[in-house]
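K.L.:
Sequential numbering of the sequence shown, starting at 35, is according to my numbering.
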Amino acid sequence: MTDEKIKVARLSILSNTLLVVAKLIVGFVTNSVSILSEAIHSALDLLAAVIAYFSVRESQKPPDEQHQFGHGKIENFSGTIEALLIFIAAIWIVYEAVNKLLGDMEVSGLGWGLLVMGGSALLNWVISRRLFAVAKKTDSIALEADAMHLRTDVYTTVGVFCGLLLIQVTGLVWLDPLVAIAVALLIFKAAWDLLREALLPLLDIKLPEKEEEMIRQIINDHAEDFVEFHKLRTRKAGPERHIDLHLVVPRGTHVEEVNQLVNHIRQDIEVQFPNAHVLMHVEPCKDTCERCEEVEICRK
35 MTDEKIKVAR LSILSNTLLV VAKLIVGFVT NSVSILSEAI HSALDLLAAV
85 IAYFSVRESQ KPPDEQHQFG HGKIENFSGT IEALLIFIAA IWIVYEAVNK
135 LLGDMEVSGL GWGLLVMGGS ALLNWVISRR LFAVAKKTDS IALEADAMHL
185 RTDVYTTVGV FCGLLLIQVT GLVWLDPLVA IAVALLIFKA AWDLLREALL
235 PLLDIKLPEK EEEMIRQIIN DHAEDFVEFH KLRTRKAGPE RHIDLHLVVP
285 RGTHVEEVNQ LVNHIRQDIE VQFPNAHVLM HVEPCKDTCE RCEEVEICRK
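1) Mind listing, in chain order, the continuous alpha helix (DSSP H) runs of no fewer than 4 residues lying wholly within the segment 205-233?
2) Please classify T268: does DSSP put it in a helix, a strand, or coil?
3) Quick check on K334: does DSSP put it in helix, strand or coil?
4) According to DSSP, simplified to helix, strand and coil, what is I161?
5) Tell me the residue span of the beta strand (DSSP E) that contains L241.
6) Counting only the same chain and skipping the five closest in sequence on each side, list residues whose C-beta sits under 7 Å from that of L10.
7) Please state the DSSP three-state secondary structure of F263.
8) If you reduce the DSSP assignment to three classes, tell me which class D255 lands in.
9) Please classify L85: is it buried, with 16 or more other beta-carbons within 10 angstroms of its beta-carbon, or exposed?
10) Return yes when the Cβ of T51 is within less than 8 Å of the Cβ of G147, no when it is not.
11) Beta-carbon separation of E317 and V217 under 8 Å?
12) Can you grab the Cα-Cα spacing for the pair Q67 / V207, in whole Å?
13) Can you grab the Cα-Cα spacing for the pair K320 / N297, in whole Å?
14) Between which two residues does the alpha helix (DSSP H) containing P300 stretch?
15) Hey, A83 and D180: beta-carbon distance below 8 Å or not?
16) Checking 8 Å against the spacing of the C-beta atoms, do V261 and V292 come in under that value?
17) Please say whether L279 and M314 have beta carbons closer to each other than 8 Å?
18) Based on the DSSP output, what are the partners of E317 in its beta bridges?
19) Alpha carbons only, please: which of D259, I221, R285 is nearest the one belonging to L295?
20) Counting only the same chain and skipping the five closest in sequence on each side, list residues whose C-beta sits under 8 Å from that of E246.
21) Could you check if N254 is buried or exposed, using at least 16 other CB atoms within 10 Å of its CB as the buried criterion?
22) Note down the Cα distance separating L48 from V42, rounded to an integer number of angstroms.
23) State the CB to CB distance for the pair K39 and L177, rounded to an integer number of angstroms; the pair is presumed to be in contact (CB under 8 Å).
24) Tell me, please, whether the segment 185-193 touches the segment 152-165 by the rule of three or more beta-carbon pairs shorter than 8 Å.
25) Quick one: residues in its chain with C-beta nearer than 6 Å to the C-beta of A131, no 5 flanking neighbours on either side, listed in chain order?
26) How would you call L219, buried or exposed, if buried means at least 16 neighbouring beta carbons within 10 angstroms?
27) What are the partner residues of H311, as DSSP defines its beta bridges?
28) When burial is assigned at 16 or more other CB atoms within 10 Å of the CB, is E243 buried or exposed?
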């Protein structure tokens, strides 16, 4: 699975490198700020792909003396950095587009621009689908961030393509910087969504309610073997989920039975969440209670 993540990250780097070069050449040839804005967007995608590649590789390293909980949060750091870089790119695009509106708006050689934009949209759609599939399979925030970049690039590239087509049909060259500004607004939205998704796990926010409910259900499937559980805490670091709780068992339960119960619950959680790390604090029921007696009867 790790090899698959690294391979698809390399594929993203290769495709983005090709697109950056093609868009820059055509952007300068046509003097189109919307194409140049797309080249900058793709350059940020390339940087994001490089960051994703290294973060995916580093996050797979096992825990060590300095990082005893593993390296999963590296993916969240990379996603946060990528989002901030996208914000900067969007601001730059708006700046260039406004200057274009106030100055020279000559655009030429639109045929090449249309060809490159169309090919770029198609290539990014294919690569982003592959990235999304692997990201979902491996629960990788870094690959998901890279996929979001490329999918946003698809939409903005299609927008530029339509803008260039309108310019060619109508001759209204002022549409070029307006399309660039529209591209920047879409980039702002994508950057904000990505920043939230990558940053929140760094604050150790709990898992989504749906996932916590699944965890509770898995634990309750073993309810006949324990009295109750409490202090369930969850957090996420990259693709890893950390879960800890207190499990109350009937008094006098043999250590071996407790160990088997804990292992069964842990294994069931890991089946549903493969990258989960489960820690359970086991404690005996302190006072005589009906529930404790029910469990004792079930055990007999």
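For every residue, glycine included, the Cβ atom is placed at its ideal position computed from N, Cα and C.
P.N.:
Let me lay it out:
1) 209-233
2) The residue you call residue 268 lines up with position 234 of the sequence shown. T268: strand per DSSP, three-state reduction.
3) Against the sequence shown, residue 334 aligns to sequence position 300. Because K334 carries a pLDDT of 49, less than 50, the predicted location of this residue cannot be relied on, and the following value inherits that uncertainty. Note: K334 maps to coil in three-state DSSP.
4) For the purposes of this step, residue 161 is identified with residue 127 of the sequence shown, where counting begins at 1. Helix, per DSSP.
5) The residue labelled residue 241 in the question sits at position 207 within the sequence shown. First-last for L241: undefined, no H or E at that position.
6) Coverage of the chain is limited to positions 35 through 334, which leaves residue 10 absent and any answer about it impossible.
7) Translated into the one-based positions of the sequence shown, residue 263 becomes position 229. F263 falls in the strand class under three-state DSSP.
8) Indexing the sequence shown from 1 puts residue 255 at position 221. In this structure, D255 counts as coil in the three-state DSSP scheme.
9) On the sequence shown, position 51 is the one that residue 85 refers to. For the sequence presented, residue 85 should be read as Ile rather than Leu. So I85 counts as buried.
10) Translated into positions along the sequence shown, residue 147 becomes position 113. Translated into positions along the sequence shown, residue 51 becomes position 17. No, the Cβ-Cβ distance between G147 and T51 is not below 8 Å.
11) Counted from its first residue, the sequence shown places residue 317 at position 283. Counted from its first residue, the sequence shown places residue 217 at position 183. Going by C-beta atoms, E317 is not nearer than 8 Å to V217.
12) In the sequence shown, residue 67 corresponds to position 33, counting from 1. In the sequence shown, residue 207 corresponds to position 173, counting from 1. The amino acid at residue 67 is misidentified as Gln; the sequence shows Val. Using only the alpha carbons, I get a separation of about 11 Å.
13) By 1-based counting over the sequence shown, the position of residue 320 is 286. By 1-based counting over the sequence shown, the position of residue 297 is 263. About 23 Å.
14) Here residue 300 refers to the residue found at position 266 of the sequence shown. Note that residue 300 is Arg in the sequence shown, not Pro. R300 -> alpha helix (DSSP H) spans 289-306.
15) As a first step, residue 83 is located in the sequence shown; it is residue number 49 there, counting from the start. As a first step, residue 180 is located in the sequence shown; it is residue number 146 there, counting from the start. For A83 and D180, yes; Cβs fall inside 8 Å.
16) Sequence index remark: in the sequence shown, residue 261 carries index 227 (1-based). Sequence index remark: in the sequence shown, residue 292 carries index 258 (1-based). Contact flag unset, no.
17) Within the sequence shown, residue 314 is the residue found at index 280, counting from 1. Within the sequence shown, residue 279 is the residue found at index 245, counting from 1. For M314 and L279, yes; Cβs fall inside 8 Å.
18) To locate residue 317, count along the sequence shown from 1; it is residue 283. V282, per the DSSP bridge assignment.
19) Your numbering for residue 295 matches position 261 in the sequence shown. Ranking D259, I221, R285 by Cα distance to L295 puts D259 first.
20) Your numbering for residue 246 matches position 212 in the sequence shown. Cβ neighbours of E246 beyond the five flanking positions: K240, L266, T268.
21) In the sequence shown, counting from the first residue as 1, residue 254 sits at position 220. N254 is exposed by the Cβ-count criterion.
22) To locate residue 48, count along the sequence shown from 1; it is residue 14. To locate residue 42, count along the sequence shown from 1; it is residue 8. In a straight line, the C-alpha of L48 is about 10 Å away from that of V42.
23) For the purposes of this step, residue 39 is identified with residue 5 of the sequence shown, where counting begins at 1. For the purposes of this step, residue 177 is identified with residue 143 of the sequence shown, where counting begins at 1. At roughly 6 Å, the Cβ-Cβ gap stays under 8 Å, so K39 and L177 are in contact.
24) yes
25) Numbered from 1 along the sequence shown, position 97 holds the residue referred to as residue 131. Around A131: V67, P211, A214, I215.
26) The sequence position of residue 219 within the sequence shown is 185, counting from 1. Exposed, because fewer than 16 other Cβ atoms sit within 10 Å of the Cβ of L219.
27) The residue labelled residue 311 in the question sits at position 277 within the sequence shown. BP columns for H311 point to H276.
28) Sequence index remark: in the sequence shown, residue 243 carries index 209 (1-based). E243 comes out exposed.
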